[in-house]
Amino acid sequence: MVIFKQNRCIALLVGVILVCFSAISLMGLEGPAKGKDTVQMNPLQPNAHASDRTSSSQASTASLRTKSSSGPMLYTTAAYLVQTQKIRQTAEWSSLDRLKPQGAAAKTDILRQKAVVVKSTPPVAQQAAKTAAAKGSQTVITRKTAIQQHPPTQLFFSRTKLLSQDQRDQATWTYAVSEGDLLLLQKIVMAEAEGEPYQGKVAVANVVLNRLRSANFPDTIHDVIYQKSQFSPVANGRLKRVKPNADSIKAVTAALSGIKAVTDDTYFFLSLKLAQDLTVHHSRQYAKTIGNHTFYK
1 MVIFKQNRCI ALLVGVILVC FSAISLMGLE GPAKGKDTVQ MNPLQPNAHA
51 SDRTSSSQAS TASLRTKSSS GPMLYTTAAY LVQTQKIRQT AEWSSLDRLK
101 PQGAAAKTDI LRQKAVVVKS TPPVAQQAAK TAAAKGSQTV ITRKTAIQQH
151 PPTQLFFSRT KLLSQDQRDQ ATWTYAVSEG DLLLLQKIVM AEAEGEPYQG
201 KVAVANVVLN RLRSANFPDT IHDVIYQKSQ FSPVANGRLK RVKPNADSIK
251 AVTAALSGIK AVTDDTYFFL SLKLAQDLTV HHSRQYAKTI GNHTFYK
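FYI, full-length UniProt numbering numbers position 204 of the sequence shown as 204, with every residue one higher than the one before it.
The structure is reproduced here in structure tokens:
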């Protein structure tokens with residue numbers, strides 16, 4: 001201090017040096033501040049390509065590292081967090097853009113997926129149609145089963161054939177089947193066709209009903225079966241002894257319900273191996289052979 005008092009020139013010189021040093025220090029501090037502006041990331045363009053975004057984020061990160069190492073860090077904690085979040089978003093956008101299918105490839109992929117869905121899932125209308133058809137078939141089966149279990153008590157005839165229950169409007173005359181008629185018809189089928197196949201049993205019942213319809217034969221089931229010299233089990237007494245089995249009962253029910261093993265104009269049958277009188281065989285038109293029985297018109 002004594003030296004400064006004795007020599008004012010030296011004191012002025014030291015003051016100038018201090019002022020210069022302060023100015024240099026201030027200039028040095030402005031450099032990093034300006035560097036902060038230069039490292040700010042430009043806003044990401046919405047249409048920019050994924051590779052451009054990635055390179056931009058990498059360049060920004062490198063710039064930040066360079067500036068931060070060259071001088072004191074002037075960013076606040078909030079600004080640094082915002083900058084880091086933007087870099088992460090850039091990386092995520094890049095990965096999403098790479099995963100997105102482009103152009104025609106994307107459309108083709110979507111169409112294939114729709115085709116798979118259509119093939120694997122039937123249309124609602126088709127399912128409804130199938131359901132309705134299934135219900136209809138079940139109704140028909142149930143109705144046929146009911147008819148087979150409970151034979152009709154009323155027969156409907158036209159001039160040339162036995163009609164089904166659904167064709168009753170076309171009938172020219174009807175016949176009421178009594179319990180006695182039903183049992184007698186079952187017994188004649190059993191007596192004539194016990195060893196014959198099921199269709200042969202139905203055919204025998206058909207012949208009896210065809211005669212019932214025809215004007216050339218009696219008008220009741222009892223009279224048709226007991227007509228003289230027509231059915232051998234009546235003559236030899238077998239008709240009274242037999243007891244109808246399940247197949248005979250089923251065959252009679254089917255015939256009364258309109259099932260036909262032979263045509264409506266078939267009126268005769270015989271066994272060529274057992275018959276003693278072959279007049280029918282020589283005088284009538286052959287229709288069909290079922291088992292051991294031959295049927296004629």
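Where is the CB? At the ideal position from N, CA and C, for every residue including glycine.
Per DSSP, the bridge partner or partners of residue i
i: Ala-176; result: Gln-154
i: Tyr-296; result: Phe-268 and Tyr-286
i: Leu-162; result: Phe-157
Limits of the unbroken alpha helix (DSSP H) element including residue i
i: Thr-279; result: 279-283
i: Thr-253; result: 246-256
i: Ser-232; result: 232-236
i: Val-224; result: 221-225
Limits of the beta strand (DSSP E) - the one that residue i falls within
i: Tyr-198; result: No beta strand (DSSP E) contains Tyr-198, which is instead part of the alpha helix (DSSP H) from 198-213.
Environment of residue i [buried if 16+ CB atoms lie within 10 Å]
i: Ile-17; result: exposed
i: Leu-26; result: exposed
i: Lys-273; result: exposed
i: Ser-229; result: exposed
i: Phe-21; result: exposed
i: Tyr-286; result: exposed
i: Arg-241; result: exposed
i: Ser-69; result: Caution applies to Ser-69, whose pLDDT of 43 falls short of 50 and renders its modelled position unreliable; the model cannot decide the point.
i: Thr-289; result: exposed
i: Ser-248; result: buried
i: Val-19; result: exposed
i: Gly-15; result: exposed
i: Leu-270; result: buried
i: Thr-172; result: exposed
i: Leu-278; result: exposed
i: Ala-235; result: exposed
i: Ala-23; result: exposed
Interface flag, residue i vs chain B, CB-CB below 8 Å
i: Glu-192; result: This model lacks chain B altogether, as it is built from one protein chain only.
Candidates the options: closest to residue i by CA position
i: Leu-239; options: Arg-211, Pro-197 and Leu-184; result: Leu-184
i: Ser-232; options: Gln-276, Thr-253, Val-19 and Gly-195; result: Gln-276
i: Tyr-175; options: Asn-210, Thr-289, Ala-193 and Ile-259; result: Asn-210
i: Val-262; options: Asp-166, Lys-297 and Ala-23; result: Lys-297
i: Gly-258; options: Val-14, Leu-12, Val-19 and Phe-156; result: Phe-156
i: Asp-223; options: Ala-246, Ala-191 and Gly-180; result: Gly-180
i: Gly-195; options: Asp-169, Ile-225, Asn-216 and Ala-246; result: Ala-246
i: Lys-161; options: Pro-244, Leu-256, Lys-187 and Ile-24; result: Leu-256
i: Arg-213; options: Pro-197, Ala-23 and Arg-159; result: Arg-159
i: Phe-268; options: Pro-197, Val-252 and Glu-192; result: Glu-192
i: Met-190; options: Lys-250, His-150 and Gln-227; result: Lys-250
i: Gln-186; options: Thr-279, Asp-264, Arg-284 and Pro-244; result: Pro-244
i: Phe-217; options: Ser-283, Thr-153, Ser-164 and Asp-265; result: Asp-265
i: Val-177; options: Thr-220, Lys-260, Asp-169 and Ala-235; result: Thr-220
i: Tyr-198; options: His-281, Ala-235, Lys-260 and Ala-11; result: Lys-260
i: Val-208; options: Ile-225, Gly-200 and Arg-168; result: Ile-225
Proximity test, residue i beta-carbon vs the ligand ATP heavy atom, cut-off 7 Å
i: Leu-162; result: The ligand content of the structure shown is nil, which means the ligand ATP is not present either.
Segment contact, 8 Å Cβ cut-off, at least three pairs: the stretch 284-297 with the stretch 202-209: In short, these stretches touch, since the Cβ pair count reaches three.
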